[in-house]
Structures are given as C-alpha cells and as structure tokens.
Amino acid sequence: MTERDVLDIARQCLALTLQLSLPVLLFGLVAGVVVSIFQAVTSIQEFTLTFVPKLLAVILALAIFGPWMLSLAVNFTVRVFTHMPPVTH
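Next comes the structure, spelled out in structure tokens:
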C-alpha cells in the first residue's frame, strides 16, 4: 500500500463522514429554522421549545436514514479491511 492509497482511503473516509452526517444535520437545521421563525413570530423565548423539536428531528432522521447510513458504513469498512492484507505483508 502506497502513500497514495492511504490518502485515497482518508479522502473516501472524509467524504463518507460528510455523506453520513448530512441528512441528520439538514433535518436539525430545518427544525431549528422553523422553530426560530415560530419564536420570532410569537415572541416566545423558551429553551425547551428550541431543543425538543431539533432532538425529535434528529431522531426522525436517524430512523429514516439509519439503515442506509449503516449500510454505507459497513460497506466502507469491508472495503478497507479487504485491502488490508497487502499492507500486513
């Protein structure tokens, strides 16, 4: 395994991390914006009002995208470990 291979795996790892975190972050972002607009319109400044909807949005995103995320992570891990035998010799 050359330096280029290691850098390629690192690049793939960073891309996968972004791909896995993006759905959860987007759900949290949308929930946060909606709650902020609601708070601005109603002048309600309650901390739990901002926290609970974002938490529920993240849980919903994990429930929807969890199997897909797990599949991507497992496939990447299998790919990395199948390329490991040449490294150990």
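Quick note: to get this note's numbering, add 988 to the position in the sequence shown (first position is 1).
Glycine included, each C-beta is placed from N, C-alpha and C at the ideal position.
Selection from the options that minimises the alpha carbon distance to residue i
i: ILE997; options: PRO1073, GLN1033 and ARG1067; result: ARG1067
i: ALA1061; options: LEU1006, LEU1048, VAL1046 and ILE1047; result: LEU1006
Cβ neighbours of residue i in the same chain (closer than 6 angstroms, five flanking residues each side left out)
i: PHE1064; result: LEU1004
Through-space distance from residue j to residue i, alpha-carbon basis
i: THR1038; j: SER1009; result: 21 angstroms
i: PRO1011; j: VAL1022; result: 17 angstroms
i: PHE1069; j: ALA1019; result: 38 angstroms
i: PHE1015; j: CYS1001; result: 22 angstroms
i: LYS1042; j: GLN1033; result: 15 angstroms
i: VAL994; j: HIS1071; result: 11 angstroms
i: PHE1035; j: ILE1052; result: 26 angstroms
i: ARG992; j: ALA1049; result: 35 angstroms
i: LEU1017; j: VAL1040; result: 13 angstroms
i: ILE1047; j: ARG999; result: 28 angstroms
i: LEU1013; j: ALA1045; result: 9 angstroms
Contact check, residue i vs residue j, beta carbons under 7 angstroms
i: PRO1073; j: MET989; result: no
Beta-carbon proximity list for residue i, same chain, < 8 angstroms, skipping 5 on both sides
i: SER1031; result: none
Sufficient close CB pairs (3 or more, under 8 angstroms) joining the region 1053-1069 to the region 1023-1034: no
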